[in-house]
Structures are given as structure tokens and as C-alpha cells.
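In the UniProt record's numbering, the protein residues as written are 1 to 602.
Structure first, commentary second.
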């Protein structure tokens, strides 16, 4: 705790305007012995129960998903985030991320069931429930005796979650609410014992949350299992409530607080979804590498071809960068929770505020990692060639399962706009000083650039200088956009999307560089040679994306001298002194992955 208290933890979004020391980031290499043992036991469970039977999940074996969930409960894997007072392990946020990460790589069907139960099915009660509600429901959910589901989405209420039509009417004797309405895309609906249901009381502005036990005799009916592109054995059904009686004591939190519950559950869900995409990437890299090492064409293993090496290198690099960013943010959240508890907050309040503080980073990670896992599965199919398209290999199902991750927990489009919108709001509240740095960037654009040749001899000296300049690109583009459009900026969605891509690339690239710099200092640069190459490769790709997105924004809202000045600034801020040898970097990475016959950087 003392280290946490002494360390100046950056607030959410401050990574953009404050420098982070590599010693202050948490990496997978920092796991303690207990966490390493937990990771190994989770991987053993996955290999034994899930990966070995992946075909059962493709055949819509819903009963097997439920059976595996019960086994996970028996092993304590459903209770990692549950406080000890309610039958859980009460472990920290990093440990909950770790289990979510390594339990989710074999099949999207199970990871969806796991995420829906442990996250949005259980967490709203632990964070918002009364003591009586927690004592009654959470211990059953923690052990897998009961399973939970979350009923928010309706036919007319998707991204606009607060527009739901489901009604809750108070009885004449004020003892219960009668809930009537239709919910859709409800994960775990086919085998859950309890729903978190959101409904509107009278003409309230905001919806209200309720804990509803799944009793078919109480006006609850289910639609058929949905026919889906992927996650075939994840039970997904419509749920219909017809005057379902819910005791007034089962209201979750206060009347009208449902939208807030839903949004905070999504914040946690977003970073957990990012974690759930990590092990999938590692396993795909492993399978693709093994296949490429064994597949002989033109009298040589295809791993020796540059076209294949480029794919393996990019896939491994994305996985490494995503790990770096996810665990950096997870530890920030854990430290913020600890600080709040130390200052007197309850665990509930500390966790809610701790995650809410990093809502920007949660949205960034959700977008970046979900898109990387889709790209990785796509390239995995390509490396397998015709066999990759066959349902006899796990590649095609991995591609199908990955597709939902860009829709879950708020679409990537919504999360892109949220990340920038939340940052601007934080700036207006004074939580992140964007105005000062943005003004400084404007003054720098008007000044004469330095023509001195900097000393880039130290590891990552040029890369860290580049990161600092990429942050200036965001401040230049977003600052000018805010100045031009003010509060109407949220209506300019294309500009928000472009700005968010700059923000995302800065955070992801910086996270990898900080992780590698920290490990190079303690393990030696030679031991981190491949990680150094991956960090440099990702940054090079990030610079390209940022150049494109920044230019798109600049030419769309600036004109004349302002446009010319900003384009010149963009060129200045994204210019390498020493361009990296991209082919050499990719070759170095791919050769290491090929030699290890898979991904060995976690």
C-alpha cells in the first residue's frame, strides 16, 4: 500500500499531457507468484475442458457450456472479483483481468458465458446492491450454484440504452413492481437463475435496475436460441416479461439509477472484453506458427517466406502491444481503488470510482484490442490457406467468434466517440489540463523549428521523442476542433472518429515502449531484443495511421493559412530522424516466433 500511496498515479486521460516513467507501469513480467499460479491453473482448465473440445462448442452444445461454467465455479474461477465477505476470493483488479484474459482464449462461446456471468451478471449486485441483496445472491453466483444474465438491450434500444420501453409498475400495496417488456440478445438466458433487468418507472427520465429471479411461472418466457455468426454455444435468447412480479426490495440501487449502473458496468466490461481478446491472439499466433513451420511448399516450410513472416510478425506485435496496454491500465485502476479505500471509501465506491476514472482508457482498449483480434484471426486463416477456411481447423471459428467483440460493450464507433468526448469533458472539469498543452502546441507551430540534431543514442530515445510529438498532433487537431465547434463537436462524428484513432495509437504505442523499456533495464537489452523490435514496429505503423487520420481531420475543418500551418506541423511532428528498417524488424520478430514455435512473450 505504501508504494501505491507514494506513487503519483496519473488520472484517466492524463497520459496525453504528462510523461509516464517506465518504472511506473505494470507489466505481465511483474506478476507475483500467486498470480502466476492462478494463470497456470486457469490455462490448465482451458486446455483440459475447452480447447480439447472446441468442436463441441461449434455444434451448439449449450449444455456443455453450462457444464464448463459449473466446473469453473468449482475451481473458484467465477469468484475472483467477488469480495471474501460474499464467498469470493476478493482479489485485486489485475488478478481479475488475468483470469478473464487466460480463460477466454479457447472459445468465444465460453468466454461470453463467463464474462456475462462474472461481469454484468454479478458485478452490478456487488457494486450497487444492498447488504441483504449481496448476502442473498452473490455467494450463489460466486460458486456457480446460480448463473446470472443482464437484460438491457431491447429491439428499439441498443446503443441508446436509456431509451428502453420495458415498464415497471408499482402495485397498489407498494409491495412489488410488475415488469412488462421485451429484451433481446440476452447472453446466458437459457440457463441463468437470475436476471439484472432494466425498466422504466412511470415517465422517469432514466431507467431503473431490478434483480429478477428466473421463474417461468412468474410471467417470464424465453425466445428460441438465436442463430448467430459465431459464439455458437453461448446461450442467446430474447426474454419476455409479462407482469412479472418483483419485490420492491429487489430494486437495484435507487429509482432512476439504472442508466448509471448500465454505463459503469460497461466501463468494467470494456477493459475486461479487451483482456478476453488477448489469449485468443496468443493461441492463434501459436497455431499459425506451428502450421507455417510444418507446411511445406516449394520444398521449404512456408514460415521461411517473407509474406508469411510479415503476417506472423504483425500478429505477434499486436498481441504484445495489447498485453502491454491492458495490464498498464488494469494496475492503474487497481492502484486508484486502493487509494480510495485508504482514504475511507467503501470497496463498492472505490471500485466504481476507480474504474470510472479510467473510462477513457477502457474505451481505447476495447476498440484497439477487439480490432487487433479480428485482424489476427483473419491473418490466421490466410496462413492456413484453404485449410483455414475449413471448419475442421479452429481458425474459421476463431474468426467468427472474434467478430462480436467489435459490437459487445458498446460498438467500436460508440467507444471511439466516447473516448474523445470523455477526454474533452474531463478537460472542462479541470481533471485533465488540455488547454495549456494545446495552447503551447499552437505557439510552437507559429515559432521557428529547431534544426539541432538530437542525441538518440539511448534505447528508445527517438521513439519516446516521437510519442511526445504524436501527442502534440492530437492536441493540435482536437484543440483546433474544440475551438472551432465548441460543445457542438459531438455532432461531428467523423472528426471525433479520426481524433480517437490518434488517441488510441498514442496510448497503445506508448504502453509497449514503456513495458519494453522497463524490462530492458532489469533484464538487459539483449534479452528484450525481439520486444524492442515489436515496440519499434508498432510505433512505425502507429505513425502512419496518425498521419492519415490527422490529415483527414485537418483538411476537413481547417482552411487557408490555418490548414497549411497545421499540415506543416503534422509533417514536423511525425518526421523520423532515423527511419526504422521495417523489413528487418519484421524478420527479426518472425524468426524468434518461428524458433519458439509460437508466442512466448507473456
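The C-beta atom is built at its ideal place from N, Cα and C for all residues, glycine as well.
Ranked by Cα distance from residue 480, the options 189, 566, 389 are led by 566.
Residue ranges of uninterrupted alpha helix (DSSP H) with 4 or more members, entirely inside the segment 82-166 and ordered along the chain, are 93-103, 108-115, 123-128, 131-143.
CA-to-CA, the gap between residue 426 and residue 517 works out to about 29 Å. In its chain, beyond the 5 residues on either side, 496, 499, 500 have a beta carbon closer than 6 Å to the beta carbon of residue 420. Exclusion of the five residues before and after residue 475 leaves 437, 438, 441 as the residues of its chain whose Cβ lies within less than 6 Å of its Cβ. Straight-line spacing of the CA atoms in residue 561 and residue 370 works out to 39 Å. Spanning the alpha carbons of residue 155 and residue 164 requires a straight line of approximately 9 Å.
Here residue 142 is not near residue 209, since their CB atoms are 9 Å or more apart.
Note on geometry: alpha-carbon atoms of residue 58 and residue 29 lie some 34 Å from one another.
Residue pairing for residue 301: DSSP places it in a beta bridge opposite 296.
Excluding five sequence positions before and after residue 317, the CB atoms of its chain that fall closer than 7 Å to its own CB belong to 534, 537, 538, 589, given in chain order. The secondary-structure analysis by DSSP pairs residue 178 across a beta bridge with 169, 245. When Cβ pairs closer than 8 Å are counted between the two stretches, the segment 88-106 is seen to touch the segment 35-42, the count reaching three or more. With respect to residue 12, residue 286 sits apart: the two C-beta atoms are not nearer than 9 Å. Look at residue 200 here: in three-state DSSP terms it is strand. For residue 455 and residue 544, the gap between their C-alpha atoms comes out near 24 Å. Counting only unbroken stretches of 4 or more residues, the alpha helix (DSSP H) elements lying wholly within the segment 25-88 are 33-45, 54-58, 62-74, in sequence order. In chain order, 184, 223 place their CB closer than 6 Å to the CB of residue 238, counting only its own chain and leaving out the 5 sequence neighbours on each side. Judged by DSSP secondary structure, residue 222 falls outside any alpha helix (DSSP H) and instead within the beta strand (DSSP E) spanning 220-222. Taking 4 residues as the minimum length, the alpha helix (DSSP H) runs contained wholly in the segment 457-525 are 461-485, 493-523, in order along the chain. Contact between the segment 110-125 and the segment 68-82 is present, with at least three C-beta pairs closer than 8 Å. Under the DSSP definition of a beta bridge, residue 212 partners with 195. Rounded to whole angstroms, the gap between the alpha carbons of residue 477 and residue 453 is 27 Å. In this structure residue 220 is in contact with residue 241, their Cβ atoms being roughly 6 Å apart against a cut-off of 8 Å. Between residue 393 and residue 384, the gap from beta carbon to beta carbon is short of 9 Å. Under the three-state reduction of DSSP output, residue 340 falls in the helix class.
Bounds of the alpha helix (DSSP H) holding residue 375 are 359-384. The three-state secondary structure of residue 579, taken from DSSP, is coil.
Sequence-distant partners of residue 229 (beyond 5 residues in either direction) whose C-beta falls short of 8 Å from its own C-beta, in its chain, are 400, 403, 404.
Contact between residue 146 and residue 106 is absent: CB atoms are separated by about 24 Å, not below the 8 Å threshold. Exclusion of the five residues before and after residue 550 leaves 473, 477, 502, 570 as the residues of its chain whose Cβ lies within less than 7 Å of its Cβ.
Within the same chain, Cβ atoms closer than 6 Å to the Cβ of residue 64 are found at 56, the five residues on either side in sequence being excluded. Put simply, the segment 461-471 touches the segment 509-525. At least three CB pairs are less than 8 Å apart. In the displayed model, residue 416 falls within a helix according to three-state DSSP. DSSP places residue 437 in the uninterrupted alpha helix (DSSP H) bounded by 435-446. The secondary-structure analysis by DSSP pairs residue 187 across a beta bridge with 236.
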